[in-house]
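Residue numbers (this note's numbering): 1148 to 1224.
We treat Cβ as the ideally placed atom computed from N, Cα and C, and that holds for glycine.
Shown next, in structure tokens, is the structure this report addresses.
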């Protein structure tokens, strides 16, 4: 079942799309990261708490994850 998603920016701009992952509402600063690798470290880094991270490299997630690359025990972004 495909769920719809909505991203609303502070200026009222709206982006409609499809939801993946957790459901619910979130409020945070939208930031972006252009790294080709290290997405696991980015998402588990506590400094990204309360931020909505946009990963711009098109192949993010193709190589999987491993416990050795986590910055903490949970996702903070």
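Cutoff 6 Å; reference residue i; Cβ partners in own chain excluding five residues on either side
i, result
"residue 1174", "none"
"residue 1204", "1183"
"residue 1186", "1202, 1207"
Interface flag, residue i vs chain D, CB-CB below 7 Å
i, result
"residue 1156", "Protein chain content of the structure displayed is limited to a single chain, and chain D is not contained in it."
Integer-rounded CB distance, given that residue j should sit under 8 Å from residue i
i, j, result
"residue 1179", "residue 1201", "4 Å"
"residue 1191", "residue 1218", "4 Å"
Buried or exposed (CB count within 10 angstroms, at least 16 for buried), residue i
i, result
"residue 1224", "buried"
"residue 1189", "buried"
Spatial neighbours of residue i in its chain, beta-carbon cut-off 8 Å, leaving aside the 5 residues before and after
i, result
"residue 1209", "none"
"residue 1170", "1150"
Nonlocal neighbours in the same chain, by C-beta distance under 7 Å from residue i, ignoring five residues either side
i, result
"residue 1215", "none"
"residue 1149", "1165"
Enclosing beta strand (DSSP E) for residue i [first to last residue]
i, result
"residue 1161", "1161-1166"
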